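Number of protein chains: 2
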Amino acid sequence: MKKGLSLQAMKCSESRYSRCMYFASGALARKIEKLAMETWRKVSLSPSHGYLLMMVLDQPGIQPGSVAGQLQLSPSTVTRLVEKLEEKKLVTRTTDGKVTRIHPTAEGKALYPELELCISQFHEKLDGLVDRTSADHLIRQINQVTDKLPY
Amino acid sequence: MKKGLSLQAMKCSESRYSRCMYFASGALARKIEKLAMETWRKVSLSPSHGYLLMMVLDQPGIQPGSVAGQLQLSPSTVTRLVEKLEEKKLVTRTTDGKVTRIHPTAEGKALYPELELCISQFHEKLDGLVDRTSADHLIRQINQVTDKLPY
DNA sequence: TAATTTCATTTGCATATACAAATGAAGAAA
DNA sequence: TTTCTTCATTTGTATATGCAAATGAAATTA
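So the sequences go chain by chain: A and B.
First residue of the first sequence: 1, per the working numbering; consecutive thereafter.
First residue of the second sequence: 152, per the working numbering; consecutive thereafter.
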């Protein structure tokens, strides 16, 4: 019945490395990323691209640096993400002197309901696996620690 | 004084996206990865490579699939990691039928003390930023959630 | 105003990671 | 034994991400 996992299958808490923040944080992030990827696939966007587009829809004219701050990504990563959304004709960039602004296109705007659906489905999916209270608590704790770590 | 961070600088808990597990886990993992990278730089290894080598030293003859399970990485990722350690002459691979085993070289073994140092320095560095009890607590909580998420 | 510094963004390059398909071998079933 | 299935690993390809250097413009200083 159980397929292809005899060696790999392992609860992370059974690993001798699981007590290390490096693995704990990495393993969680990879699994969450995967879960999110499944959710956003229906709009042919990665979760990062999806959230970025959402931000641009909520805050039209937003600057890349502000995206980087809010999404906790490096400026260069934001540039790449925006490039891809631009290729897909979902956003445009305008530059005025030092300031670059990202604007949604009509096509991008049209995606709003679906993006909202992705977000709520992602949260539902998570709710089905982890009870809401402990997830919320975990998120708060993670953020507390993240805020203490250097940029 | 403060340099180059006006737009990006932001506590993650101030972001409207910080309440989402996707960002919380990703942001934490990226910051921890960075912290760890600084620590392992002195042995010219990424943290993943360092931990993998450590595992091979602790469990000589270990199979890639078991590494994948313990480190919560995909088998293909483990293959790439091992390839690089092999290039650096720190480990060798032997294949006997279906079974592949990873063995440390003398050069790899010689690195053991330094690897231990990296691990303890990483933990010290973390201790300097986040108090030990809450870090341990967080790790346990993360692992609990991770274990509930699908492979 | 000219020179310097700061800032936001982008580019070039490198790393980390995964999925899906391919490989090669072992075990089970016919 | 021949075939089919399962398994562990590897390979091909793709995504995500970051650092350091480059760019171009604004702000500050001299």
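Where a beta carbon is used, it is the ideal one built from N, C-alpha and C, also for glycine.
The model shown is predicted, which means the values in this text are computed figures rather than measured ones.
- Query: CA-CA distance, Asp96 (chain A) and Leu204 (chain B)?
  - Reply: On the first sequence, residue 96 (chain A) is found 96 positions in, with the first residue counted as 1. On the second sequence, residue 204 (chain B) is found 53 positions in, with the first residue counted as 1. The alpha-carbon atoms of Asp96 (chain A) and Leu204 (chain B) are separated by roughly 50 Å.
- Task: Counting only the same chain and skipping the five closest in sequence on each side, list residues whose C-beta sits under 7 Å from that of Gln214 (chain B).
- Result: Along the second sequence, one-based indexing puts residue 214 (chain B) at 63. Closer than 7 Å at the Cβ level, and outside the excluded window around Gln214 (chain B), lie Val250, Thr251 and Arg252.
- Query: Who are the neighbours of Lys299 (chain B) on chain A, taking C-beta pairs under 7 Å?
  - Reply: For the purposes of this step, residue 299 (chain B) is taken as residue 148 along the second sequence, with counting starting at 1. Under the 7 Å cutoff, chain A gives Leu129 and Val130.
- Query: Is any beta-carbon of chain A found at less than 8 Å from that of Glu184 (chain B)?
  - Reply: Position 33 of the second sequence holds residue 184 (chain B). Yes, Glu184 (chain B) lies at the interface with chain A (some Cβ there is under 8 Å from its Cβ).
- Task: Establish whether the CB of Ile142 (chain A) and some CB of chain B are separated by less than 8 Å.
- Result: Translated into the one-based positions of the first sequence, residue 142 (chain A) becomes position 142. At least one chain B Cβ lies under 8 Å of Ile142 (chain A).
- Which term fits Lys42 (chain A), buried or exposed, when burial requires 16 or more other beta carbons within 10 angstroms of its beta carbon? By 1-based counting over the first sequence, the position of residue 42 (chain A) is 42. With fewer than 16 other Cβ atoms within 10 Å, it is exposed.
- Message: Do Gln141 (chain A) and Tyr168 (chain B) have their beta-carbon atoms positioned less than 8 Å apart in this structure?
- Response: By one-based count along the second sequence, residue 168 (chain B) stands at place 17. By one-based count along the first sequence, residue 141 (chain A) stands at place 141. It is not a contact, given that the beta carbons lie outside the stated cut-off.
- Message: Would Val250 (chain B) pass as an interface residue toward chain A - the criterion being a Cβ-Cβ separation below 8 Å?
- Response: Counted from its first residue, the second sequence places residue 250 (chain B) at position 99. No, because no Cβ of chain A sits closer than 8 Å to the Cβ of Val250 (chain B).
- Message: Against chain B, which members of the stretch 12 to 26 of chain A pass a CB distance test of less than 8 Å?
- Response: Cys12, Ser13, Ser15, Arg16, Tyr17, Ser18, Arg19, Cys20, Met21, Tyr22, Phe23, Ala24, Ser25 and Gly26
- Query: Taking Cβ to Cβ, would you say Val229 (chain B) is nearer than 8 Å to Val242 (chain B)?
  - Reply: Working through the second sequence from its first residue, we reach residue 229 (chain B) at position 78. Working through the second sequence from its first residue, we reach residue 242 (chain B) at position 91. No; because the gap between Cβ atoms is not below 8 Å, this pair is not in contact.
- Message: Using CA atoms only, rank isn't needed, just tell me which of B:Ala261, B:Ser285, B:Gln295 and B:Arg283 is closest to Val207 (chain B).
- Response: Numbered from its first residue, the second sequence carries residue 207 (chain B) at position 56. Here the closest residue by C-alpha is B:Ala261.
- Message: For Val145 (chain A), report the span of its alpha helix (DSSP H) as first-last.
- Response: Indexing the first sequence from 1 puts residue 145 (chain A) at position 145. Taken as a continuous stretch (DSSP letters only), the alpha helix (DSSP H) holding Val145 (chain A) covers Arg132 to Lys148.
- Task: Determine the direct distance from the alpha carbon of Arg283 (chain B) to that of Glu114 (chain A), and round the result to whole angstroms.
- Result: The residue given as residue 114 (chain A) occupies position 114 in the first sequence. The residue given as residue 283 (chain B) occupies position 132 in the second sequence. If I take the Cα positions, the gap works out to 42 Å.
- Cutoff 8 Å: Ile290 (chain B) Cβ touching any chain A Cβ: Counting from 1 along the second sequence, the entry for residue 290 (chain B) is found at position 139. Judged by the 8 Å Cβ criterion, Ile290 (chain B) is in contact with chain A.
- If you check the beta carbons only, do Ala29 (chain A) and Ser164 (chain B) fall under 8 Å apart? By 1-based counting over the first sequence, the position of residue 29 (chain A) is 29. By 1-based counting over the second sequence, the position of residue 164 (chain B) is 13. Cβ distance not < 8 Å, so Ala29 (chain A) and Ser164 (chain B) don't count as in contact.
- Mind checking whether Gly212 (chain B) and His274 (chain B) have CB atoms under 8 Å apart? Translated into the one-based positions of the second sequence, residue 212 (chain B) becomes position 61. Translated into the one-based positions of the second sequence, residue 274 (chain B) becomes position 123. No, these two residues do not count as a Cβ contact at 8 Å.
- Task: Label Lys89 (chain A) either buried or exposed according to how many other C-beta atoms from any shown protein chain fall within 10 Å of its C-beta, with 16 as the threshold for buried.
- Result: In the first sequence, the residue the question calls residue 89 (chain A) occupies position 89. By the 10 Å Cβ count, Lys89 (chain A) comes out exposed.
- Query: CB-CB under 8 Å to Ala286 (chain B), same chain, minus the five flanking residues each way: which ones, in chain order?
  - Reply: Here the question's residue 286 (chain B) lines up with position 135 in the second sequence. For Ala286 (chain B), where only same-chain residues beyond five positions count, the Cβ hits under 8 Å are Leu277 and Asp278.
- Query: Hey, would you say Arg244 (chain B) sits closer than 8 Å to Glu237 (chain B), going by beta carbons?
  - Reply: Looking up residue 244 (chain B) in the second sequence gives position 93. Looking up residue 237 (chain B) in the second sequence gives position 86. Yes, they are a contact pair.
- Item | Residues that Pro47 (chain A) contacts on chain B, provided the C-beta gap is smaller than 8 Å | Your numbering for residue 47 (chain A) matches position 47 in the first sequence. Correct list: Tyr173.
- Query: Closest Cβ-Cβ distance between Val43 (chain A) and chain B: below 8 Å?
  - Reply: Position 43 of the first sequence, counted from the first residue, corresponds to residue 43 (chain A). Answer no: the Cβ-Cβ gap between Val43 (chain A) and chain B never drops below 8 Å.
- Message: To be precise: take each residue of the stretch 209 to 232 of chain B, compare its Cβ to all Cβ atoms of chain A, and keep it if any distance is under 7 Å. Which residues remain?
- Response: Gln214, Gly216, Ser217, Ala219, Gly220, Gln221, Leu222, Gln223 and Pro226
- Task: Express the C-alpha separation of Met21 (chain A) and Ile119 (chain A) in angstroms, rounding to a whole number.
- Result: Walking along the first sequence from the start, residue 119 (chain A) turns up at place 119. Walking along the first sequence from the start, residue 21 (chain A) turns up at place 21. Cα to Cα, Ile119 (chain A) sits roughly 27 Å from Met21 (chain A).
- Task: Find the nearest neighbour of Gln223 (chain B) within the set B:Ser199, B:Lys235 and B:Gln210, judged by alpha-carbon distance.
- Result: Taking the second sequence and counting its residues from 1, one reaches residue 223 (chain B) at position 72. Closest by alpha carbon: B:Ser199.
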